[in-house]
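So the structure is just underneath, and the comments pick up after that.
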Amino acid sequence: MTSTKSLSRTAPSTVNATTIVSSLLTVQTSGRGFTDLTSEIAKFVKEMRAREGAVTLFIRHTSASLTIQENADPSVLRDLTTALDRLAPENAGWSHDTEGPDDMPAHVKTMLTATSLHIPVLRSELALGTWQAIYLIEHRVRQHSREIVLQFAGETS
Amino acid sequence: MTSTKSLSRTAPSTVNATTIVSSLLTVQTSGRGFTDLTSEIAKFVKEMRAREGAVTLFIRHTSASLTIQENADPSVLRDLTTALDRLAPENAGWSHDTEGPDDMPAHVKTMLTATSLHIPVLRSELALGTWQAIYLIEHRVRQHSREIVLQFAGETS
Amino acid sequence: MTSTKSLSRTAPSTVNATTIVSSLLTVQTSGRGFTDLTSEIAKFVKEMRAREGAVTLFIRHTSASLTIQENADPSVLRDLTTALDRLAPENAGWSHDTEGPDDMPAHVKTMLTATSLHIPVLRSELALGTWQAIYLIEHRVRQHSREIVLQFAGETS
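Residue numbers (the numbering used here), protein chains in the order written: chain Y, 1 to 157; chain X, 1001 to 1157; chain R, 2001 to 2157.
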């Protein structure tokens, strides 16, 4: 199962880790689904004059979460929603149901995805792959206001 | 599927990233279930005089993991346990069974949750949401001693 | 469900967080399966003279991911592959299928595992547990070239 492999590594780039910049991003979701945050995070990186280091996102909720996923075909996001619904269906006999049938599935989906993300910044840009976008996933049916702590740690210019 | 959105971002706070403080936390679990580490991590932040930056937790095991989840209703933790059991049942014909029927499900549950967590520290406090707690999840049936590396990176006072 | 617990914490070690070293690792996978990156990451830590801090890995793809899992018995990796196949089967009626039947399951598996990892470095060594190894998981059937950004943040010697 462990694949044979061929590895190569570029010459390292070294900077002084001088600065941490923190900000709170508030996102109004419009109910269940994905919100693309990529351009907003790129704007944060640019405005903070981040040069090299990493951006972290931390969502302050347990029924909404974060993921990095394909940005090209919207059917991917639709299928990811289907996949999460199958892994945590509403009619699964949850004991915690006082906040509605979509609440406990939302907690399970949050547990299975990410509460925080870490994205490197290189040469003043997010080091995302060509097909990667940063998403907030709203797991509740109704719209919510969601808070995400943004932090850049590294060298600024 | 991609929601329309409304975004706002606060003015940034900037500090010098001067210090990394590391410590090893050992937790005795009492078998399968959740252990709330929030107050212990808050104590670490306070004692280290952490002011702004982030705390990371890294669990040095592959059959126990970490998550950030709801802290209010204990039935949520019960349902999360049920959800993990359904996603990785004991009687699923695993080929790795020499360490007991709960071992391979424990590895799967670890893979589906988190080995490390990242929590921002702002104004000398963990920037957790109102309903968020930091949990160790013991996936083995019997009690274990579990090691977690704690690190604060940022500005201390 | 919340277990009773017994906690102990070692005396902290404090260093100046002076340096961020970044490098790009390229891995040729040989199709679906796990590639053990542990020795390569350990080599990066050693060559960069990392002393205390943390290494992060970030994979620049949405159909391959990262995990920290058992390094001893190869049957664990086989069972983890089976588990992921059950959670995201090929024949599940995905709407996104233009890139082949293994593509959408690959996105789901990526969402359920990790796009980034964070591993502490203490006394010039990765602070992995005895049974932990760092794996790239190739979720596509065919071989791919995968890029991972490595960063060490902390004190070097």
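Even glycine gets a Cβ: it sits at the ideal position worked out from N, Cα and C. Values in this document were obtained by computation on a predicted structure and should not be read as measured data.
Ranked by Cα distance from residue 2012(R), the first of 1007(X), 1044(X), 1040(X), 1031(X) is 1044(X). The contact set of residue 2078(R) on chain X, defined by CB atoms closer than 8 Å, consists of 1095, 1096 in chain order. With respect to residue 1068(X), residue 1128(X) sits close: the two C-beta atoms are nearer than 9 Å. One Cα belongs to residue 2035(R), the other to residue 2137(R), and the distance between them is close to 6 Å. The C-beta separation of residue 1042(X) from residue 1124(X) comes to about 10 Å, leaving the pair out of contact by the 8 Å criterion. Taking a contact to require three or more Cβ pairs closer than 8 Å, the stretch 1088-1108 of chain X and the stretch 1018-1027 of chain X do not qualify as touching. Within its own chain, the residues whose Cβ lies closer than 6 Å to the Cβ of residue 2101(R), once the five positions on either side in sequence are excluded, are 2090, listed in chain order.
Residues of chain R whose Cβ lies closer than 9 Å to the Cβ of residue 33(Y) do not exist, since the nearest Cβ in that chain is about 14 Å away. Chain X has no Cβ within less than 9 Å of the Cβ of residue 139(Y). Here residue 1047(X) is exposed, its C-beta having fewer than 16 other C-beta atoms within 10 Å. Collapsing the DSSP output to three states places residue 2061(R) in coil. Close to chain X, meaning a Cβ-Cβ distance shorter than 8 Å, are the following residues of the stretch 2056-2069 of chain R: 2067, 2068, 2069.
For residue 2026(R), the secondary structure class from DSSP, reduced to helix, strand or coil, is strand.
The C-beta distance from residue 139(Y) to residue 106(Y) rounds to 4 Å, short enough to fall under 8 Å.
Chain X places a beta carbon closer than 9 Å to that of residue 112(Y), counting this residue as a contact. Rounded to whole angstroms, the Cβ separation of residue 31(Y) and residue 153(Y) is 33 Å, and the two are not in contact under 8 Å. For the alpha helix (DSSP H) assignment, the uninterrupted runs of no fewer than 4 residues enclosed by the stretch 2103-2127 of chain R are, from N- to C-terminal side, 2103-2112.
Looking at the DSSP output, residue 38(Y) bridges to nothing. For the pair residue 2110(R) and residue 1084(X), the Cα-to-Cα distance works out to about 18 Å. For residue 9(Y), there is no enclosing alpha helix (DSSP H); the enclosing beta strand (DSSP E) has its first and last residue at 6-9.
Sequence-distant Cβ neighbours of residue 120(Y) in its own chain, meaning closer than 6 Å and more than five residues away, are 54, 127.
When rounded, the separation of the alpha-carbon atoms in residue 1150(X) and residue 2029(R) is 33 Å. By the CB criterion at 9 Å, residue 57(Y) and residue 66(Y) fall inside the cutoff. Residue 2146(R): not part of any alpha helix (DSSP H); member of the beta strand (DSSP E) spanning 2145-2156, first to last residue. When secondary structure is reduced to three states using DSSP, residue 1021(X) falls in the strand class.
Neighbours of residue 1052(X) in chain R, taken as residues whose beta carbon is under 7 Å from its own, are absent, since the nearest beta carbon is some 13 Å off. Residue 62(Y) counts as buried, since at least 16 other C-beta atoms from the protein chains shown sit within 10 angstroms of its C-beta. Residue pairing from DSSP places residue 50(Y) in a beta bridge opposite 156(Y). Interface criterion met: the Cβ of residue 1086(X) is under 9 Å from a Cβ in chain Y.
In this model, residue 1017(X) and residue 156(Y) are separated by some 12 Å (Cα to Cα). Listed along the chain, the chain Y residues whose CB falls inside 7 Å of the CB of residue 1083(X) are 88, 108. Within chain R, the residues 2096 have their CB atoms less than 7 Å from the CB of residue 73(Y), given in chain order. DSSP places residue 2014(R) within a strand segment (E or B) once states are collapsed to three. For the C-beta of residue 2115(R), not a single chain X residue is nearer than 8 Å; the gap to the nearest is close to 12 Å.
Pairing residue 1014(X) with residue 1132(X), the inter-Cα distance amounts to about 25 Å. For the stretch 1013-1027 of chain X, the beta-carbon criterion of a distance under 9 Å to any beta-carbon of chain Y is satisfied by 1013, 1014, 1015, 1016, 1017, 1018.
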